[in-house]
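The structure under discussion appears below in the form of structure tokens.
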Amino acid sequence: MADSDGRQVDSINHSTEEDVKLQEVVQAKCEGKELTKEEKQRLRKEKKQHKKNKKDDRGPPEKEKEKEKASVLAPSKPATQSPAHKAPVPVNASASESPVAAEKPAKSKAEQRAERRARQDTERASKQGKKEGGQQSASSKPKATPNELQPVVKRLPEHIQVDDPAALKKLAKKLERQQVPLRSDYGYKVSLFSHLHQYSRKNPPTQQISIPATVIHPSIVRLGLQYSQGIIAGSNARSVALLHAFKQVIQDYSTPPNEELSRDLVNKLSPYISFLSQCRPLSASMGNAIKHIKKEISNIPSQCKEEEAKRRLQECIDSYINEKIILASEAISKYAIEKISDGDVILVYGCSSLVNHILCEAFEKQRKFRVIVVDSRPRLEGREALRRLVKKGIRCTYVLISALSYILPEVSKVFLGAHALLANGYVMSRVGTSQIALVAKAYNVPVLVCCETYKFCERVQTDSFVSNELDDPDDLIVTRNGKTHLENWQTVKSLGLLNLVYDVTPPDFVDLVITDLGMIPCTSVPVVLRVKNVDQ
Amino acid sequence: MPGADKETDLSERIESFLSELKRCGSGAGSLRGSAETARETTALLRRITAQARWGNAGDLMEIIRKEGRRMTAAQPSETTVGNMVRRVLKIIREEYARSRGSTEEADQQESLHKLLTSGGSSEDNFRQHFAHLKANVIEAINELLTELEGTTDNISMQALEHIHSNEVIMTIGRSRTVEAFLKDAARKRKFHVMVAECAPFCQGHEMATSLSKEDIETTVIPDAAIFAVMSRVNKVIIGTQTVLANGGLRAVNGTHTLALAAKHHSTPLIVCAPMFKLSPQFPNEEDTFHKFVSPHEVLPFTEGEILSKVNAHGPVFDYVPPELITLFISNIGGNAPSYIYRLMSELYHPEDHEL
Numbered sequence: 231m232a233d234s235d236g237r238q239v240d241s242i243n244h245s246t247e248e249d250v251k252l253q254e255v256v257q258a259k260c261e262g263k264e265l266t267k268e269e270k271q272r273l274r275k276e277k278k279q280h281k282k283n284k285k286d287d288r289g290p291p292e293k294e295k296e297k298e299k300a301s302v303l304a305p306s307k308p309a310t311q312s313p314a315h316k317a318p319v320p321v322n323a324s325a326s327e328s329p330v331a332a333e334k335p336a337k338s339k340a341e342q343r344a345e346r347r348a349r350q351d352t353e354r355a356s357k358q359g360k361k362e363g364g365q366q367s368a369s370s371k372p373k374a375t376p377n378e379l380q381p382v383v384k385r386l387p388e389h390i391q392v393d394d395p396a397a398l399k400k401l402a403k404k405l406e407r408q409q410v411p412l413r414s415d416y417g418y419k420v421s422l423f424s425h426l427h428q429y430s431r432k433n434p435p436t437q438q439i440s441i442p443a444t445v446i447h448p449s450i451v452r453l454g455l456q457y458s459q460g461i462i463a464g465s466n467a468r469s470v471a472l473l474h475a476f477k478q479v480i481q482d483y484s485t486p487p488n489e490e491l492s493r494d495l496v497n498k499l500s501p502y503i504s505f506l507s508q509c510r511p512l513s514a515s516m517g518n519a520i521k522h523i524k525k526e527i528s529n530i531p532s533q534c535k536e537e538e539a540k541r542r543l544q545e546c547i548d549s550y551i552n553e554k555i556i557l558a559s560e561a562i563s564k565y566a567i568e569k570i571s572d573g574d575v576i577l578v579y580g581c582s583s584l585v586n587h588i589l590c591e592a593f594e595k596q597r598k599f600r601v602i603v604v605d606s607r608p609r610l611e612g613r614e615a616l617r618r619l620v621k622k623g624i625r626c627t628y629v630l631i632s633a634l635s636y637i638l639p640e641v642s643k644v645f646l647g648a649h650a651l652l653a654n655g656y657v658m659s660r661v662g663t664s665q666i667a668l669v670a671k672a673y674n675v676p677v678l679v680c681c682e683t684y685k686f687c688e689r690v691q692t693d694s695f696v697s698n699e700l701d702d703p704d705d706l707i708v709t710r711n712g713k714t715h716l717e718n719w720q721t722v723k724s725l726g727l728l729n730l731v732y733d734v735t736p737p738d739f740v741d742l743v744i745t746d747l748g749m750i751p752c753t754s755v756p757v758v759l760r761v762k763n764v765d766q
Numbered sequence: 000m001p002g003a004d005k006e007t008d009l010s011e012r013i014e015s016f017l018s019e020l021k022r023c024g025s026g027a028g029s030l031r032g033s034a035e036t037a038r039e040t041t042a043l044l045r046r047i048t049a050q051a052r053w054g055n056a057g058d059l060m061e062i063i064r065k066e067g068r069r070m071t072a073a074q075p076s077e078t079t080v081g082n083m084v085r086r087v088l089k090i091i092r093e094e095y096a097r098s099r100g101s102t103e104e105a106d107q108q109e110s111l112h113k114l115l116t117s118g119g120s121s122e123d124n125f126r127q128h129f130a131h132l133k134a135n136v137i138e139a140i141n142e143l144l145t146e147l148e149g150t151t152d153n154i155s156m157q158a159l160e161h162i163h164s165n166e167v168i169m170t171i172g173r174s175r176t177v178e179a180f181l182k183d184a185a186r187k188r189k190f191h192v193m194v195a196e197c198a199p200f201c202q203g204h205e206m207a208t209s210l211s212k213e214d215i216e217t218t219v220i221p222d223a224a225i226f227a228v229m230s231r232v233n234k235v236i237i238g239t240q241t242v243l244a245n246g247g248l249r250a251v252n253g254t255h256t257l258a259l260a261a262k263h264h265s266t267p268l269i270v271c272a273p274m275f276k277l278s279p280q281f282p283n284e285e286d287t288f289h290k291f292v293s294p295h296e297v298l299p300f301t302e303g304e305i306l307s308k309v310n311a312h313g314p315v316f317d318y319v320p321p322e323l324i325t326l327f328i329s330n331i332g333g334n335a336p337s338y339i340y341r342l343m344s345e346l347y348h349p350e351d352h353e354l
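Chains as they are written, first to last, in my numbering: chain A, 231 to 766; chain B, 0 to 354.
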């Protein structure tokens, strides 16, 4: 990076005056002011000039390096701007400039692309000249050097801004542009949670799509439906399904003429991601997987042939699944089995694929233990875990979460799965996990959380209200002895049903976190994140 | 003969009461509230006093003790029955002492001197015959019945002292006392109630619909979300099945978790319990007071093959230690858990603790 910067400085010294004007104009654009027609023409001319100068300075190979750099810088923005959430695509510099470009139908696509690249170069140079402050413009690109503490430019994720009408309008416009159906909320929402969406399972968003869907790939439509109906549940399962669907999408993708695969494919993925998040809000693991894929796509060199590029992407997805999920669970099992001794009584909650895997492995390695499965309404996921464990031959007991105080004196260890690990050490997991950790602490039973590192996310959260997911409230209705008390809850004005999906467990309730990097305390999560960011 | 008819009639009534007790304990919580059980028990004891054959207080106490033992054996978890029996026994002792002319205070004081010198004589004390003893005892039992009728109202009257406006109150399951308490407060104040549904019987649903009919903002939450929402709750108000002698509770399952969550967030835990729920039992280390329902409620038969390989437990009650409780609200006012043992000595005689 250093040499090219030096060369850039040289090229800039060649045309400082133009650059000054260019910088001004670029700055004006950054601040969102309207450019007059003369200014735009001037800009065009200067860019062409600038490009010619640069061409004189360097040969063709450097031009490619520029292109690569430009494409690398673009995805570094999502890395710093909105971690862990669905990355709405207009983070690329190209997207922010496309409204401007759209006003000039006279320009050809190649010229626009060249302009964009040149602008990116000059912006980068100008930014390096000045001190990097907390510039809030959409096209700011703070470099992720590990020694500096980055001012994080964050946009609030949409799914926790439901009570803000401006945000809702913005979302509606974006979805319209992407031709993704907007899902409407259902039922009376408890006032504490008016900032979250609440959907009904009976109205999936696929009802509003025409068949065959023009914009959204059919495997994505199927995936969205499976998410919204709860057919695929559990963060590992959702991520793996997502990656397989993306593999299919890449397989069927063909680059349109005059477009580059590395840019166009990323743009194609954004309506799919919007659609999926309408079906069900993305999980932290899915967000990390999407970020990884986008980075890989943008890293494809432009001279790579399409077939070659597709093959490379498929391999990359396969290796992600293999490394982060499958091998990680093997590593975690290895560590966790050391913690299981003969005669143990282990308590698990709900259905975590990782914890089930650990227990099955331990049973195969001839450890003698028995398992207590705790379950809760309305999801009753523990029954699935019970089936899997009983099939293996493990001795199991089954209780509901209200019987926890009764059963806990028998328990020697508690194993919990996690949906995500937040940067302040809190564990985000299925609702009820924090309760189990609380009561276990009161009875002095050790609590071990098992979580792969790809689920670590940079968000912080201290309670279960600010960011959560509300499931279909009708799930709470139950018929007992022929009577359904809550049947007409919609008609009663002051009655609300609350069906939370996640809750956060404070780190003082958790004794140990077992990850594929080893066994760490809860508070070491930001350390792991930092190390991972440096590596990547 | 009219005497024999009365006797058979009496024993019939006792038998039917016993069979009802046995039946109502099987699942679905209590079909009748504890207040009703207490009233019926007291009415039955009054009838026994009126119709059974007895000559002196000692005989009456023997009869009542015998019937009381049968009743508690029919449904051990329904402690109000035993409590009422002990109350009546205490009434008999008091009336006897009054008839004899000695003051209550002198009798109650158990000085060391008295214990050593008058050990055996207390038995004979109840053998004297008094003509008006029957009438006095029945009158006293009537007073007890009126007291029982007014307990719920007495407790609800204190509601406004404890609930201010814009509060978020959490409760669990269904307690008629708490229902009346909250409805009374809702007449004057606006607040929000969160009801934990308390699986597997989900009695919280009934509670929520009944509260929302009175225009109280109610939310039903599953048991798993208790800790998640506890940080926004201002008070936890619960009912209970029994108040134990150390100030602890035997309440519906899930209450211990609720109490721990409230303690963690320093939220006050208020128990609305009328005095007839106070029982002289102490909690044991072993689970001897646990009661279970059919595992079918927990893991239904539709689950098929795994049923035979799995143990499923469905406990009905939880023990809540007194350190987690902030306040008891009963028909005689508010008390701290540390005062419960004193109240107990006013209600029951120590010799009646074991029936």
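Cβ coordinates follow ideal geometry from the N, Cα and C atoms, glycine included.
Taking 8 Å as the CB-CB cut-off, is B:P199 touching chain A?
Cβ-Cβ to chain A under 8 Å: yes for B:P199.
Under 9 Å Cβ-Cβ, which residues of chain B neighbour A:L651?
Those within 9 Å of A:L651 in chain B number zero; the least Cβ separation is about 17 Å.
Which residues, taken in chain order from the region 601-620 of chain A, show a beta carbon closer than 7 Å to some beta carbon of chain C?
No chain C appears in this structure, whose protein chains are A and B.
Alpha helix (DSSP H) runs contained entirely in the region 589-669 of chain A, provided each spans 4 or more residues
Complete alpha helix (DSSP H) runs here, min 4: 612-622 and 634-637.
If you measure between the beta carbons of A:Y684 and A:S515, is that distance less than 8 Å?
For A:Y684 and A:S515, yes; Cβs fall inside 8 Å.
Segment contact, 8 Å Cβ cut-off, at least three pairs: the region 196-208 of chain B with the region 31-48 of chain B:
No, the region 196-208 of chain B does not touch the region 31-48 of chain B.
Can you tell me which of the three DSSP states A:R343 falls into?
helix
How would you write the range of the alpha helix (DSSP H) that B:V84 sits in, first residue to last?
T78 to R99
Report whether the distance from the Cβ of A:R493 to the nearest heavy atom of the ligand PLP is below 7 Å.
Among the components modelled here there is no ligand, and therefore nothing to report on the ligand PLP.
Go ahead and label B:Y338 buried or exposed: buried means 16 or more other beta carbons lie within 10 angstroms of its beta carbon, across all protein chains shown.
exposed
According to a CB-to-CB cut-off of less than 8 Å, which residues of the region 692-706 of chain A neighbour chain B?
D693, S694, F695 and L706
Since A:L495 contacts A:L472 with CB under 8 Å, what's their CB separation in whole angstroms?
With a Cβ gap of about 16 Å, A:L495 and A:L472 do not count as contacting.
Span of the beta strand (DSSP E) holding A:I171?
Nothing about residue 171 of chain A can be read from this structure; chain A reaches only from 231 to 766.
Below 9 Å on C-beta distance, what does B:T239 contact in chain A?
Per Cβ cutoff of 9 Å: no residues; B:T239 is ~15 Å from chain A at best.
Which word fits A:N488, buried or exposed, when buried means at least 16 other C-beta atoms lie within 10 angstroms of its C-beta?
A:N488 is exposed by the Cβ-count criterion.
What are the residues in the region 252-266 of chain B lying within 7 Å of chain A by C-beta distance?
N252, G253, H255, T256, L259, A260 and H263
Is any beta-carbon of chain B found at less than 8 Å from that of A:S635?
yes
Enclosing beta strand (DSSP E) for B:H191 [first to last residue]:
H191 to A195
Could you tell me the alpha carbon to alpha carbon distance between A:H389 and A:Y429, rounded to whole angstroms?
12 Å
Rounded separation between A:G460 and B:I328 - CA only:
45 Å
If B:I220 and B:T256 are in contact, beta carbons under 8 Å, what's the gap, nearest whole angstrom?
About 13 Å; that fails the 8 Å criterion.
On a Cα-Cα basis, can you pick out the residue from B:V297, B:T71, B:F275 and B:L159 that is closest to B:A244?
B:F275
Should A:L700 go down as buried or exposed, given a rule of 16 or more other Cβ atoms within 10 Å for buried?
Buried: at least 16 other Cβ atoms inside 10 Å.
Determine which residues share a DSSP beta bridge with A:Y502 and list them.
For A:Y502, which the question treats as bridged, DSSP gives no partner whatsoever.
Straight-line CA distance for B:R350 to B:G54?
It should be noted that the sequence gives Glu, not Arg, for residue 350 of chain B. Whole-angstrom Cα-Cα distance: 21 Å.
Three-state secondary structure (DSSP) of B:C201
coil
What is the DSSP secondary structure of B:V228, counted as helix, strand or coil?
helix
Using 8 Å as the limit for Cβ to Cβ distance, is B:P282 near chain A?
no
Going by beta-carbon coordinates alone, are A:S632 and B:G253 separated by less than 8 Å?
yes
How many Å lie between B:E353 and B:S15 at the Cα?
25 Å
Using DSSP with H/G/I as helix, E/B as strand and the rest coil, what is B:F327?
Secondary structure of B:F327 (DSSP, three-state): strand.
Minimum Cβ-Cβ distance from A:V657 to chain B less than 8 Å:
no
For B:E213, I'd like the list of residues in its chain whose CB is within less than 7 Å of its CB, leaving aside the five on either flank, ordered along the chain.
Closer than 7 Å at Cβ, skipping near neighbours: K182 and A185.
Three or more beta-carbon pairs under 8 Å between the region 262-281 of chain B and the region 296-309 of chain B, yes or no?
no
Between the CA atoms of A:G662 and A:D733 - distance to the nearest angstrom
7 Å
Interface residues of chain A around B:H295 at Cβ under 7 Å?
Residues of chain A whose Cβ lies closer than 7 Å to the Cβ of B:H295 do not exist; the shortest such Cβ separation is about 12 Å.
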